[in-house]
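Convert by adding 3 to the 1-based position in the sequence shown; the result is the number in this note's numbering. Note that the Cβ used here is the ideal one computed from N, Cα and C, for glycine as well.
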Amino acid sequence: MSRSLAPLPALRFVPKGLSMLAMGTLLYGCQHLEPQLTIGDPYANEPYRSQLRWLEPAPTDTIIQIGELAPQSGGSLWARMRQGFSLQAKTQGVARVDEQRRWLMDRPAFLTQTGRAGSRYLHFIVGELNKRNMPLELALLPAIESGFNPNAQSPAQALGLWQFIPATGRRYQLQQRGDYDERRDIPSSTRAALDYLSYLHDYFDGDWLLALAAYNAGEGRVRDAITRNRARGLATNYWNLSLPGETQNYVPRLLALSQLVNAPADYGVSLAPIADQPYFQMVALAQPVDLAHLALLSGVHERELRMLNPAARGRARGRLLMPLEASRRLLAQPDMIAKAALPHVAGSEEQVVAAPDTGGAEPQVAEVAAPPGV
């Protein structure tokens, strides 16, 4: 992601640690390749990202399986997303979309990764898009940006699911300091990304394809490409613009991925099932919580807590995201969070007591205060 007044980000990649989500399959990543720039190119000093590459997970990578939720009464999240797709007419009969669809179909592990890693975040993102009446194809953008890895970082220091560079993060009020980077925060970065996409949609007169191209290359680069085409009497839609190679593939790849999600049977692909129900719940915090200590107390794997609360590197402050079932235990044992806010002393862990059956009732957000003096 970039913006018109800041250097474009270099190639995004997915760090080795993401393989813990990939179930031993191929990883979605990339390498930086220097572009061939012509003399007089106004962007000659701005790096941009090349096409995406695939990496094999290292044998030592830790693999964590995310339990697949059986569809509940709410049904399938994929089905709900299809009902909100509104860009499909733009995908039909476009050679560049067809090419990217074949590229994805040759890599079935990408769809597996999208479903498994995305299952943490997709329900929340879809809900936020619905609130704004935005196309639900946009929920798939983090698959292209980061492989749904909130810890993904590019050489240009773009971070998080939505890959904000520092300048754009500040533009959208994402805090960045040594011990805390809100670009990694799931709710905050999603809010900022949808704000930015909405701005780009308005900036380009309601054209989502131009907005997406600008999300990748920066609105200045897209605007200048439109200006050049207009001066030459050429069409100014996305498909006719001269843009960096990655941006030429970026929008078609998202559209191609949405085609596969929209009609997987037509293309002979399968999607990991995702229930149309929240994966996590937000818990308000009065004091920062140590995630390692909370993992010992709650029985939730520390890495899972870190994937839901990545902004503060092992701590959660302000709010805590917990898997839904674990949040029910927190509601039944509110002192658990207060204990996790205390300094951790080895050997002091207590047994987790199972929460009483709530009868399927939806839990409420808990607001838990730490003891005085913590």
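Inter-residue Cα distance where the pair is residue i and residue j
i: residue 405; j: residue 146; result: Outside the displayed range of the chain (4 to 377) lies residue 405, so it cannot be described from this structure.
i: residue 250; j: residue 212; result: 11 Å
i: residue 342; j: residue 142; result: 36 Å
i: residue 84; j: residue 129; result: 7 Å
i: residue 354; j: residue 336; result: Here residue 354 scores only 41 on pLDDT, less than 50, and its place in the model should not be relied on; the value that follows carries that caveat. So the two alpha carbons sit approximately 12 Å from each other.
i: residue 306; j: residue 231; result: 49 Å
i: residue 133; j: residue 219; result: 23 Å
i: residue 187; j: residue 311; result: 10 Å
i: residue 238; j: residue 199; result: 25 Å
i: residue 267; j: residue 291; result: 43 Å
i: residue 284; j: residue 116; result: 23 Å
i: residue 254; j: residue 323; result: 34 Å
i: residue 289; j: residue 121; result: 29 Å
i: residue 260; j: residue 244; result: 22 Å
i: residue 209; j: residue 256; result: 20 Å
i: residue 168; j: residue 159; result: 7 Å
i: residue 131; j: residue 242; result: 29 Å
i: residue 327; j: residue 175; result: 29 Å
i: residue 248; j: residue 320; result: 40 Å
i: residue 225; j: residue 203; result: 11 Å
i: residue 193; j: residue 163; result: 10 Å
i: residue 236; j: residue 179; result: 44 Å
i: residue 234; j: residue 270; result: 41 Å
i: residue 173; j: residue 331; result: 35 Å
Local Cβ density within 10 Å of residue i, reported as buried at 16 or more and exposed below that
i: residue 293; result: buried
i: residue 329; result: buried
i: residue 362; result: Low per-residue confidence applies at residue 362: pLDDT is 37, beneath 50, and the placement is therefore not dependable enough to give any value.
i: residue 95; result: exposed
i: residue 217; result: buried
i: residue 246; result: buried
i: residue 104; result: buried
i: residue 161; result: buried
i: residue 149; result: buried
i: residue 78; result: exposed
i: residue 98; result: exposed
i: residue 279; result: buried
i: residue 221; result: buried
i: residue 155; result: buried
Beta-carbon proximity list for residue i, same chain, < 7 Å, skipping 5 on both sides
i: residue 196; result: 165
i: residue 191; result: 177 and 185
i: residue 125; result: 80, 142 and 277
i: residue 308; result: 294, 297 and 298
i: residue 43; result: Because the pLDDT at residue 43 is just 36, under 50, the model does not fix this residue reliably, and the point stays unresolved.
i: residue 93; result: 212 and 258
i: residue 144; result: 257
i: residue 205; result: none
Nonlocal neighbours in the same chain, by C-beta distance under 6 Å from residue i, ignoring five residues either side
i: residue 123; result: 282
i: residue 207; result: 213 and 214
i: residue 229; result: 239
i: residue 101; result: none
Residues that residue i bridges to, as DSSP identifies them
i: residue 292; result: 319
i: residue 79; result: 278
i: residue 2; result: The first residue shown for the chain is 4 and the last is 377, placing residue 2 beyond what the model contains.
i: residue 156; result: 162
i: residue 167; result: 162
Cβ shell of residue i (< 8 Å), same chain only, five flanking positions each side left out
i: residue 272; result: 108, 111, 114 and 263
i: residue 2; result: Nothing can be reported for residue 2, as the shown portion of the chain is limited to 4 through 377.
i: residue 106; result: 256 and 259
i: residue 127; result: 189, 190, 193, 281, 282 and 283
i: residue 265; result: 85, 88 and 91
Short CB-CB distance (under 9 Å) between residue i and chain D
i: residue 257; result: Chain labels in this structure do not include chain D; a single protein chain is all it has.
### Query
Is it true that the region 307 to 318 meets the region 180 to 189, where meeting means three or more beta-carbon pairs spaced less than 8 Å apart?
yes
### Message
Quick check: the region 132 to 139 against the region 88 to 103, are at least 3 beta-carbon pairs closer than 8 Å?
### Response
yes
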